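S.K.: For the sequence shown, our numbering puts the final residue at 256, and the numbers step up evenly by one.
The C-beta atom is built at its ideal place from N, Cα and C for all residues, glycine as well.
All figures in this text were calculated on a predicted structure; none of them were measured in a lab.
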Amino acid sequence: MNKDFKQTSRSGSLPWLLQRISAVILFVLLLLHFITYHFLSKGRAVNYQEIVAKAGSWWFPLLQFAFLLTALYHGLNGLWSVLEDYTANKFWRLVWYGLLLTVGAVLLFVGTLTIIKLYTLPVA
Numbered sequence: 133m134n135k136d137f138k139q140t141s142r143s144g145s146l147p148w149l150l151q152r153i154s155a156v157i158l159f160v161l162l163l164l165h166f167i168t169y170h171f172l173s174k175g176r177a178v179n180y181q182e183i184v185a186k187a188g189s190w191w192f193p194l195l196q197f198a199f200l201l202t203a204l205y206h207g208l209n210g211l212w213s214v215l216e217d218y219t220a221n222k223f224w225r226l227v228w229y230g231l232l233l234t235v236g237a238v239l240l241f242v243g244t245l246t247i248i249k250l251y252t253l254p255v256a
């Protein structure tokens with residue numbers, strides 16, 4: 133296999149950088165999640181009304197959607213990076229790429245519906 137490294141040396145630099153940036157964003161979002169959902173309850177059990185009240189606030193869907201998008205990008209980009217390294221055949225790369233895009237679209241759709249449903253739950 134003869135690779136022209138002048139053409140490929142920078143081809144993966146943007147996805148590599150975005151993978152690191154998405155990891156930092158995921159870490160910050162995870163910290164926000166733990167602080168707002170677990171530590172602010174001060175060790176007591178949180179009831180349904182409190183969860184629905186948080187879910188109905190303006191920041192809840194924004195935080196959850198940012199978490200969903202970042203996690204999907206980070207996970208699918210990481211899988212693609214591994215698959216790209218271990219799949220030499222262009223046909224199978226295209227198959228894997230299409231499969232990852234399909235899975236990503238389905239997960240984005242289901243995740244978005246879940247966030248919308250949580251945001252519109254009635255307080256009992």
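Quick one, are the C-beta atoms of residue 251 and residue 188 less than 9 angstroms apart?
M.R.: It is a contact, given that the beta carbons lie within the stated cut-off.
S.K.: Tell me the rounded alpha-carbon separation between residue 235 and residue 245.
M.R.: In a straight line, the C-alpha of residue 235 is about 15 angstroms away from that of residue 245.
S.K.: Which residues in the same chain have their Cβ closer than 7 angstroms to the Cβ of residue 192, if we skip the five residues on either side of it in sequence?
M.R.: Only 186, 251 meet the Cβ criterion.
S.K.: Rounded to the nearest angstrom, what separates residue 202 and residue 180 at their Cα positions?
M.R.: When rounded, the distance between both Cα atoms is 27 angstroms.
S.K.: Taking the alpha carbon of residue 243 as the point to measure from, which residue in 149, 228, 197, 213 has its own alpha carbon closest?
M.R.: Among 149, 228, 197, 213, the Cα nearest to that of residue 243 is on 197.
S.K.: Apart from the five residues just before and just after residue 157, which ones in its own chain have a Cβ nearer than 6 angstroms to its Cβ?
M.R.: Once the five neighbours on either side are set aside, the close Cβ partners of residue 157 are 202.
S.K.: Ordered along the chain, which non-local residues of its own chain (more than five positions away) have a Cβ less than 7 angstroms from that of residue 211?
M.R.: Same-chain partners within the cutoff: 232.
S.K.: When burial is assigned at 16 or more other CB atoms within 10 Å of the CB, is residue 155 buried or exposed?
M.R.: Exposed, since its Cβ has fewer than 16 Cβ neighbours within 10 Å.
S.K.: Terminal residues of the continuous alpha helix (DSSP H) containing residue 119?
M.R.: Coverage of the chain is limited to positions 133 through 256, which leaves residue 119 absent and any answer about it impossible.
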